[in-house]
Structures are given as structure tokens and as C-alpha cells.
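So the protein sequences, as listed, match chains A and B. Sequential numbering from 1160 applies to the first sequence in the numbering used here. Sequential numbering from 2 applies to the second sequence in the numbering used here. Glycine included, C-beta positions come from ideal geometry on N, C-alpha and C.
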Amino acid sequence: MDEELFLQQLASHKRLLYKVAYSYCRHAEDRRDLVQDMVTQLWRSFRSFDQRVQFSTWMYRIAMNVAISHYRSETRQVRDTLPLEEFGLDIAEADQLYSAQSDNMRTLDKLISELDELNRALILLFMDGYSNDEIASIMGLNAGNVATRMTRIKQKLQTRFAEGN
Amino acid sequence: MNLDLLKAEWDARDQRLEQAVRMNTQMLRLSLLEQHRRDIAKWGWTDKYEIITGIPVIVYLIWFLGKHISEWQFALPALALLAWTIPMPILNHRLRHALQDMDFGQPITVVQKRLAEHKARRLNLFKWAFLLGQVVWFIPFIIVLFKGVFGVDLYLKTENFILPSLMGGILFIPFAIGVSRLLSGKLTHSARFQAFTDALAGKDIIQSRQFITRIAQFEETPGECGNGDKYQDS
């Protein structure tokens, strides 16, 4: 039953995994590994999932924690995942979709990838429509801090975008 | 560029992404089952290897101690070996499982801080185990091995063994750190060797501690009490 519920929720939010993986990992091969690590960690943590929390919020926390750790190579020693060809999440088409996007989106992705790992998490959550309170809860910050940092990041991205053009 | 305006384009890409990420439920179910089976098997192959090799060594050392308890020159090396052989696998096991049992569903700053602290502890353990291994493990091992297995008293037979080995072991510590510092960052073609030299040189430990500081600064609202401003946005 747990497994059914998990798979249903995963199916509804699977795109979130790709977005986070894409932002933290530029190499397609590593990205597949990263998505697999995320699913493994989600499944491992699902027993302690508090149903009062939104699944997507919880999933974001785990996906970003895994992605940042992967980025910083902190979980290298516990990466005991299954061979890739046996894995049930195929992201090849998503890779194609992201490589054939508009110039604006390509520039935005590039600028986001130039931010450090923590600010990158903030901007991803903002772009996904989360409020400052929700971002604060996912990040473990206060809402005032998120608001101030968001203003700065937006200004920085806009300036860099203008410089790029 | 207006980020708020780009959100519409971001959302449209999101909708297309929904179709582009494909999920094979049957295959995923098998993967989860296999992962569950692995998680239940709390004792991984590293733990099993350490138990299989460690138990005979401990049994032998206890037997050796019992036999030579009144001869301090043999009892001390055996005690040093015991003091090494028993806690090391326990520490390794605890560090490995602390990471596996970590709740990744906690807020990002909380988890990342714990991970960085864990990494610093793990690297410190590896660094000092490697550097002190020559003095604390290898020399006592040779003394106990020769006495216990061959009945040879190395203190008498090879007068020049103990002191030079001890000196060599002590000198090895600054030498290994110095060489690692020289090589750290230079041998980029081998990721494993790079990780090894970075760990011995203490570079990885410094990076982990810097990251913990960065997180602490990130948790402070910029401009609120000064420190938050030190944190760079990029």
C-alpha cells in the first residue's frame, strides 16, 4: 500500500526531480544517476513522511538535499544504487526538451547555474511559484531572510541578463 | 529580463516536462523492492568484512595478552592493537549508518549542515587513522606477529628495528601531509588520488568547515546583524 501511494505521488511530481537535477548537474549521464539517487532517497525516507506536509514540499526538500550533496560529493560513499538500465525513470526526452528551448530560458538556466548551491535552491522554488513562507519552510530560513535574498538574487540575475545581451 | 514575466515560459516548459519524464511503474516497483531489500540488510559487505577479519584478530590478541601479560614490552603493543582493532570498525560503522539514517526530509540548511559536519568527521577519522597507522598499528603488529607466530623477540633479534621504525612512523606524519599539500589540486586526472591527497592535506576538511560557516551566514537575514552580508549571492 505504501508502495502504491509512493508511486502515485512520484508520478504526479516526477518533473520536479528533473528540474532540480538539471539545475545542479550539467552532464546528462550524471543527471540520470542523480535522479536515481533522489528516488532512492525518497523511497528510503517515505516511511517517515508526515502526511500533514504537502508531498511536493517534502519531495523538494529531499530532491534538493540530494542534489546539493551530489554537487558537493558528500554522499559518494552511500551511493549504493542499482544499475541504470534497471531503473524505471527515463529522462532522455526531458534532456531533449531542455536542449531545444528558447534563448531566454537557456540564458535563465545558465544564470541560475552560476549561483551557488543555496541561492540556486531559492530561485528554483521562486520560479516554481512557492511563496516566501513556503520557501522559508523548505530551506529552514525565516520569511524575511528569504524576501531579502530573493530581491537581491532577482536584481543580480536581471543585471547579468542585461550584461549578457 | 523580468523573472516574474519569465515565470509563464517556465510554467509552459513545466507542462511539457510532465510528458517528457517517463515512468515505467513496473520497473520502478522492482527497483524499490530491491532497494528495500538492501536497506533491510543493515550490515553491508564492508561491515561483514570487518567482522570476519576483526574477530580472529581480537581472539588472537586476547590469547597473546593472556600469555604475555607480565612482559610489558609485548603486552603494550598487543593492547595498542586491541585499542585500534575494536573501535575502528565501530566508528566506521557508525559513520556509515549515520549518513544512511539521516532524514533528508528536514529543511535544506539543517540537512546540509549535518552532512558537512559528518563529512568533516569522516575525513578526520580517515586522515588520522592513515597517518597514525604506522606508529599505532604497524609496529605493534610486527612485534606481536613475530613473537606470537614465530616466537621471535624483535627487541633482541633486531636491535635496530624498534627505534628507527618508531622514528620513521613519526616522521612519516609531517612528510605525508607535506607531500599531500604539494600534490593536492595537481593530479586532476585521478579523482580517487585527488580525494586521497585532499583528505590528507586537510583541504576537504577545510572546505566542509567553510561550507558550515556559509550556511550559518545564509541563515542570517542580510543586513540584520552584519554577518549575513558577508555571504555572497553567487
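Rounded straight-line distance, which links the Cα of Ala117(B) to that of Leu124(B)
Working through the second sequence from its first residue, we reach residue 124(B) at position 123. Working through the second sequence from its first residue, we reach residue 117(B) at position 116. So the two alpha carbons sit approximately 11 Å from each other.
Count the other CB atoms within 10 Å of the CB of Arg1203(A); is the residue buried (16 or more) or exposed (fewer)?
Stepping through the first sequence from its first residue, residue 1203(A) is reached at position 44. So Arg1203(A) counts as buried.
If you follow the alpha helix (DSSP H) that Trp1202(A) is in, where does it begin and where does it stop?
Numbered from its first residue, the first sequence carries residue 1202(A) at position 43. Counting along the chain, the alpha helix (DSSP H) containing Trp1202(A) begins and ends at Ala1187 to Ser1204.
Can you tell me whether Gly1247(A) is buried or exposed? The criterion is at least 16 other CB atoms within 10 Å of its CB, across all chains shown.
To locate residue 1247(A), count along the first sequence from 1; it is residue 88. By the 10 Å Cβ count, Gly1247(A) comes out buried.
Taking a contact to mean a Cβ-Cβ separation below 7 Å, would you say Leu1302(A) touches Asn1291(A) in this structure?
Within the first sequence, numbered from 1, the residue matching residue 1302(A) stands at position 143. Within the first sequence, numbered from 1, the residue matching residue 1291(A) stands at position 132. Reading the sequence as shown, one finds Ala at residue 1302(A) and not Leu. Closer than 7 Å, so yes.
Given this structure, state the Cα-to-Cα distance separating His69(B) from Ser32(B), to the nearest angstrom.
As a first step, residue 69(B) is located in the second sequence; it is residue number 68 there, counting from the start. As a first step, residue 32(B) is located in the second sequence; it is residue number 31 there, counting from the start. In a straight line, the C-alpha of His69(B) is about 54 Å away from that of Ser32(B).
The alpha helix (DSSP H) that contains Gly67(B), what's its start and end?
Locating residue 67(B) in the second sequence gives position 66, counting from the first residue. Element bounds for Gly67(B): Trp46 to His69.
Between Ser71(B) and the ligand PLP, is the CB less than 6 Å from at least one heavy atom?
This structure lacks the ligand PLP; in fact it carries no ligand of any kind.
Give me the Cα-Cα distance between Arg1319(A) and His1172(A), rounded to the nearest whole angstrom.
Here residue 1319(A) refers to the residue found at position 160 when the first sequence is read from its first residue. Here residue 1172(A) refers to the residue found at position 13 when the first sequence is read from its first residue. Answer to the nearest angstrom: the Cα atoms are 31 Å apart.
Verify whether the separation of the beta carbon atoms of Val134(B) and Pro90(B) is less than 7 Å.
Walking along the second sequence from the start, residue 134(B) turns up at place 133. Walking along the second sequence from the start, residue 90(B) turns up at place 89. At residue 134(B) the sequence reads Gly, which differs from the Val that was named. No; because the gap between Cβ atoms is not below 7 Å, this pair is not in contact.
Going by other Cβ atoms of all chains shown within 10 Å of its Cβ, with 16 needed for buried, is Gly106(B) buried or exposed?
The residue given as residue 106(B) occupies position 105 in the second sequence. Classification for Gly106(B): buried.
What residues from the region 1277 to 1293 of chain A come within 9 Å of chain B, judged by C-beta to C-beta, listed N to C?
Leu1277, Asn1278, Ala1280, Ile1282, Phe1285, Met1286, Asp1287 and Gly1288
Is the CB-CB distance between Tyr1230(A) and Tyr1183(A) below 7 Å?
As a position in the first sequence, residue 1230(A) is number 71, starting the count at 1. As a position in the first sequence, residue 1183(A) is number 24, starting the count at 1. Taking 7 Å as the Cβ cut-off, Tyr1230(A) and Tyr1183(A) qualify as a contacting pair.
Between which two residues does the alpha helix (DSSP H) containing Val112(B) stretch?
For the purposes of this step, residue 112(B) is taken as the residue at position 111 of the second sequence. Run containing Val112(B): Ile109 to Leu133, per the alpha helix (DSSP H) assignment.
Alpha carbon to alpha carbon, how far is Gly67(B) from Leu82(B)? Give it in angstroms, no decimals.
Along the second sequence, read from residue 1 onward, the residue named residue 82(B) stands at position 81. Along the second sequence, read from residue 1 onward, the residue named residue 67(B) stands at position 66. Going by the C-alpha atoms only, they are around 14 Å apart.
How would you list, in chain order, the residues of chain A whose beta-carbon sits under 9 Å from the beta-carbon of Gln107(B)?
Counting from one through the second sequence, the residue named residue 107(B) turns up at place 106. Simply Arg1220, Asn1224 and Gly1299.
Phe212(B): buried (16+ other C-beta within 10 angstroms of its C-beta) or exposed?
As a working mapping, residue 212(B) is identified with position 211 in the second sequence. Buried, by the Cβ-count rule.
Which residues of chain A have a Cβ atom closer than 7 Å to the Cβ of Ala21(B), listed in chain order?
Residue mapping note: residue 21(B) aligns to position 20 of the second sequence, counting from 1. Near Ala21(B) (Cβ distances below 7 Å), the residues of chain A are Glu1252, Ala1253 and Leu1256.
Would you verify that the beta carbon of Pro223(B) is, or is not, closer than 7 Å to some beta carbon of chain A?
Against the second sequence, residue 223(B) aligns to sequence position 222. So yes, Pro223(B) belongs to the interface.
Count the other C-beta atoms from every protein chain shown that fall within 10 angstroms of the C-beta of Pro88(B), then say buried if there are 16 or more, exposed otherwise.
On the second sequence, position 87 is the one that residue 88(B) refers to. Its Cβ having fewer than 16 others within 10 Å, Pro88(B) is exposed.
Using a beta-carbon distance below 7 Å, is Met24(B) in contact with chain A?
In the second sequence, the residue the question calls residue 24(B) occupies position 23. So yes, Met24(B) belongs to the interface.
Buried or exposed, going by whether 16 or more other CB atoms sit within 10 Å of the CB of Ala200(B)?
Taking the first residue of the second sequence as 1, we reach residue 200(B) at position 199. Burial call: buried.
Mind checking which residues open and close the alpha helix (DSSP H) that includes Lys187(B)?
Counted from its first residue, the second sequence places residue 187(B) at position 186. Looking at the DSSP string, Lys187(B) is not in any alpha helix (DSSP H), and its letter there is neither H nor E.
Kindly list the residues whose CB is nearer than 8 Å to the CB of Thr86(B), restricted to its own chain and excluding five residues on each side of it in sequence; keep chain order.
Here residue 86(B) corresponds to residue number 85 of the second sequence, with the count starting at 1. Correct list, in chain order: Gly55, Val58, Ile59 and Leu62.
Which residue from Val1179(A), Arg1174(A), Glu1188(A) and Thr1199(A) puts its Cα closest to that of Asp104(B)?
Taking the first residue of the second sequence as 1, we reach residue 104(B) at position 103. Closest option to Asp104(B), Cα to Cα, is Thr1199(A).
Would you kindly report the start and end of the unbroken alpha helix (DSSP H) that includes Ser1232(A)?
As a working note, residue 1232(A) is residue 73 in the first sequence. No alpha helix (DSSP H) contains Ser1232(A), which DSSP labels as neither H nor E.
At a Cβ threshold of 7 Å, is Met89(B) touching chain A?
By one-based count along the second sequence, residue 89(B) stands at place 88. For Met89(B), the answer is no, since every Cβ of chain A falls outside 7 Å of its Cβ.
Taking 7 Å as the CB-CB limit, is Ser1215(A) close to chain E?
Looking for chain E here will not work: the only protein chains present are A and B.
Using a Cβ cut-off of 7 Å (strictly closer), state whether Ile1227(A) contacts chain B.
Taking the first sequence and counting its residues from 1, one reaches residue 1227(A) at position 68. Closer than 7 Å to some Cβ of chain B, the Cβ of Ile1227(A) qualifies, so yes.
For Asn25(B), count neighbouring C-beta atoms within 10 Å of its own C-beta (all shown protein chains included) and say buried if the count is 16 or more, exposed if not.
Counting from one through the second sequence, the residue named residue 25(B) turns up at place 24. Exposed, by the Cβ-count rule.
Whose Cβ in chain B lies nearer than 7 Å to the Cβ of Lys1313(A)?
Residue numbering aside, residue 1313(A) sits at position 154 when the first sequence is read from its first letter. Going along chain B in sequence order, the residues near Lys1313(A) (Cβ under 7 Å) are Leu4.
DSSP beta-bridge partners of Leu1326(A)
The structure shown does not extend to residue 1326(A), since chain A is modelled only from 1160 to 1324, so the question has no answer here.
Which of the three DSSP states is assigned to Pro175(B) in this structure?
Numbered from its first residue, the second sequence carries residue 175(B) at position 174. Reduced to three states, the DSSP call for Pro175(B) is helix.
Are the C-beta atoms of Lys1173(A) and some chain B residue less than 7 Å apart?
As a working note, residue 1173(A) is residue 14 in the first sequence. Judged by the 7 Å Cβ criterion, Lys1173(A) is in contact with chain B.
Distance between Ile1227(A) and Ile143(B) (C-alpha atoms, nearest Å):
One-based indexing of the second sequence puts residue 143(B) at position 142. One-based indexing of the first sequence puts residue 1227(A) at position 68. Those two C-alpha atoms are separated by around 45 Å.
What does the alpha-carbon distance come out to for the pair Gln208(B) and Ile1312(A)?
In the second sequence, counting from the first residue as 1, residue 208(B) sits at position 207. In the first sequence, counting from the first residue as 1, residue 1312(A) sits at position 153. When rounded, the distance between both Cα atoms is 24 Å.
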